[in-house]
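Chains as they are written, first to last, in the UniProt record's numbering: chain A, 1 to 464; chain B, 1 to 464.
We treat Cβ as the ideally placed atom computed from N, Cα and C, and that holds for glycine.
This is how it looks when you write it as structure tokens:
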């Protein structure tokens, strides 16, 4: 069984070897080499290819035997060559390997998997991610084993959201999404068949990683459920861990390559287990992304009382429904706060919850309402609906909202929908660290996720 | 009680009078006049203002008494003047009125509402939409009573989706959404307080309107539930009627201005009633939009058997879960079809459901798989996942998919997520009449809506 050495060589290697580097565009060994060079990886980079003199203008190394004590090897040779290569790497004291190559368990080739396992056995301190994976990315130092070219998969900027994905497809979609939405990513791991390093190792590593603020986890199977959930119970209250389990139905489980029989009732089993650990289950892929965006921006949620502020009645109604359906409560603002607003707004403004500024709203009224909600002790969470179609709002309202939110005293979600005019203002708010949504229901679900997590965390802090 | 004359004067007026037209930008009477002029309304347009000589370069009429037999009056005078104005309009044989002015029931002014009702009583053939509404829009002839300026609320192109919205805010968001997504809109009605024309009248009108293919309905209260549901039972199986009910919880109901007491259990009551009529209930605003997009593009769904085609395993797993969770079935393609594909694709392609073309996929494999699913008698619905991050796909795959879908033999949803590279291809497919989604869950819910509606319709056709 492989050892338990630190995972640092994966994420902060001083030296990287691409084993199976290629001169041929379109090949995995080409894309990986190109990405590392283009991304500007600052450590020593070795391209290993028995035939080539140079690749992408860099001199090649003929064989692993010429290298010694490399931190990270990225293996992209054909599957049948992998056992031999990893044995060589072990002998040359490589510290960590990412095996991208596929053609093992996932296509039913248990024999080759066993051969690989045996090849690794003499080198318990050499840790392995994969095989059959996209591998890893650390946005901070641009270690990047992904074989998807940058023009197809734009890399996100560095930031606090880290991802663990068993599926390469979900993983790459996540990265692409993050870069499009301009969210920063810390570390990304697609761990494939999990021959050595599994979800438990990765969760443990990221919870202890000071650069990771929010963890997003896409799981299909869990190799050892007990081990994973025991670890998660100890760890998942420390940081938000948002999780989507694929294969929760017999149909999905079959697609995930699991045995149908063993999965009966798994949706309930997983839901209960997640709840016990404080992990935040996402109901769908969109929620997974929405929760990540919300947690990265929001301060601690101190309760479940939501104040809705709106300039459109119907959107307020839908938001109020969502508050109730998600088990949150409508806040009752203090009489004094309402009285103060009453003096500064016309009588047709509805000072209830939803607080309906109506289509006659100005920037100033949004400022008054949001300011009051942020300081009112009866309000824990804020859902601010702003429909830019009304006549008296100007672009400056973005600044009004951003300024009030700057100290991040309470979780704030902004809901706005419309054409380009609305989208421009949403992007401006996102730029200022405000999480925005198109629909009230999604925003309220995200607030619910915040409320649940921080309530769990507080309980855990009181009674560890 | 007002009469039952046709609603045609609202949507195809030969003459329109803006009563309360204004010279002052920012005023409702200015925005309405400007929109009608700019939109190029082709009939006769009269701007009524007692003081102004001309507005926006057009000569004004001093008073309604100078007009006669106008098809449509758009009333934007202050609320207290409305009863007097409508009586004048009645005397001058106006056929239809949209009363935009607010300040009636909705702010508790029952007295003024009663006064308005009395003023209308002598003119039963003059139909009224409003008060307290955005009014109407008919994209085909650019009749447009909305007071939201075009730069804030871009008007959509003409098309087959018509909207009925009790809420102006939800209504304008819908229009803005449609224009941003480039979906065509037929008629749009925001009917506010429903003093005369209500949801039943409008539903009846749109079901019988040959230009309307899909009806989208946002409801808060229903004035006469029995009348509405009786009408819906007769009508809603004829065309897709997608409905979102706001105020289904005590909290939302209160926000909608209804009495909490009478709403207890209303979510269940409405759900059951919608089901009986064949209307398609949307669970949230996003579903409302997604279902509309899907119904406008998709042919009849002949059953519930979904074939998933994917190039990413994880997305396929999530889609398979969604199929099961929504009560749909995974299709079993015919052996002969699978055997034919087997001959043309490498062994690592997973010819099951999900049909996983893997990250090695080419355009051609998508063509083979989609072609097979479209002709296979065991497949009713298709969810095609295409993640553009993989190396061998080219932009031409859009053409491959579009060509196969051109005859619209089966409902097809395309699911793709990612950055700009993916978005460009999604837009190209949307342009070709293919409905696209970012997440499998949303696509599968939309397929479920199709399956349910057409099943209901077939039953109704067999046993009317």
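Run through DSSP, which three-state label would residue i get?
i                      : result
residue 437 of chain A : strand
residue 159 of chain A : strand
residue 270 of chain B : helix
residue 25 of chain A  : coil
residue 53 of chain B  : coil
residue 294 of chain B : helix
residue 66 of chain A  : helix
residue 188 of chain B : strand
residue 457 of chain A : helix
residue 264 of chain A : The pLDDT assigned to residue 264 of chain A is 40, lower than 50, so where the model puts this residue is not dependable, and the model offers no usable value.
residue 37 of chain A  : helix
residue 323 of chain A : helix
residue 216 of chain A : strand
residue 346 of chain A : coil
residue 317 of chain B : helix
residue 462 of chain B : helix
residue 448 of chain B : helix
residue 32 of chain A  : helix
residue 277 of chain B : helix
Check the C-beta distance from residue i over to residue j and give it rounded, since I have them as a contact under 8 Å.
i                      : j                      : result
residue 363 of chain A : residue 396 of chain A : 5 Å
residue 16 of chain A  : residue 128 of chain A : Not really, about 15 Å apart at Cβ, beyond 8 Å.
residue 219 of chain A : residue 166 of chain A : 6 Å
residue 271 of chain B : residue 454 of chain B : Not confirmed; about 20 Å, so no contact.
residue 440 of chain A : residue 318 of chain A : 5 Å
residue 379 of chain B : residue 345 of chain B : No, residue 379 of chain B and residue 345 of chain B are not in contact; Cβ-Cβ is about 18 Å, not under 8 Å.
residue 139 of chain B : residue 155 of chain B : 7 Å
I'd like the span of the beta strand (DSSP E) that includes residue i, first residue to last.
i                      : result
residue 44 of chain A  : 44-48
residue 19 of chain B  : 15-19
residue 138 of chain B : 135-138
residue 468 of chain A : Not covered by the structure: residue 468 of chain A. The range shown for chain A is 1 to 464.
residue 493 of chain B : Residue 493 of chain B is absent from the structure shown; chain B starts at 1 and stops at 464.
residue 60 of chain A  : 58-61
residue 305 of chain A : 305-310
Looking only at C-alpha atoms, which of the options sits nearest to residue i?
i                      : options                    : result
residue 38 of chain B  : B:236, B:101, B:57         : B:57
residue 158 of chain B : B:435, B:450, B:179        : B:179
residue 385 of chain B : B:326, B:268, B:132, B:313 : B:313
residue 190 of chain A : A:209, A:169, A:207, A:210 : A:169
residue 355 of chain B : A:250, A:254, A:120        : A:254
residue 122 of chain A : A:90, A:329, A:328, A:41   : A:90
residue 340 of chain B : B:358, B:326, B:217, B:371 : B:371
residue 402 of chain A : A:391, A:414, A:392        : A:414
residue 424 of chain A : A:136, A:22, A:410, A:387  : A:387
residue 95 of chain A  : A:9, A:224, A:428          : A:9
residue 65 of chain B  : B:428, B:71, B:87          : B:87
residue 76 of chain B  : B:109, B:198, B:135, B:112 : B:135
residue 33 of chain B  : B:73, B:256, B:84, B:12    : B:73
residue 31 of chain B  : A:456, A:390, A:463, A:407 : A:390
residue 282 of chain B : B:459, B:12, B:452         : B:452
residue 486 of chain B : B:280, B:141, B:124        : The displayed coordinates of chain B run from 1 to 464. Any statement about residue 486 of chain B would go beyond what the structure contains.
residue 133 of chain B : B:195, B:139, B:457        : B:195
residue 223 of chain B : B:206, B:199, B:462, B:209 : B:199
How would you write the range of the alpha helix (DSSP H) that residue i sits in, first residue to last?
i                      : result
residue 379 of chain B : Run containing residue 379 of chain B: none; DSSP gives neither H nor E here.
residue 202 of chain A : 199-207
residue 9 of chain A   : 8-11
residue 234 of chain B : 225-235
residue 252 of chain B : 250-255
Can you check whether the CB of residue j is closer than 9 Å to the CB of residue i?
i                      : j                      : result
residue 240 of chain A : residue 183 of chain A : no
residue 214 of chain A : residue 161 of chain A : yes
residue 367 of chain B : residue 400 of chain B : yes
residue 97 of chain B  : residue 69 of chain B  : no
residue 434 of chain B : residue 412 of chain B : yes
residue 62 of chain B  : residue 48 of chain B  : yes
residue 308 of chain A : residue 338 of chain A : no
residue 41 of chain B  : residue 79 of chain B  : no
residue 18 of chain A  : residue 29 of chain A  : yes
With a threshold of 8 Å, establish whether the CB of residue i neighbours any heavy atom of the ligand ZN.
i                      : result
residue 398 of chain A : Absent from the structure shown: the ligand ZN. Ligands present: none.
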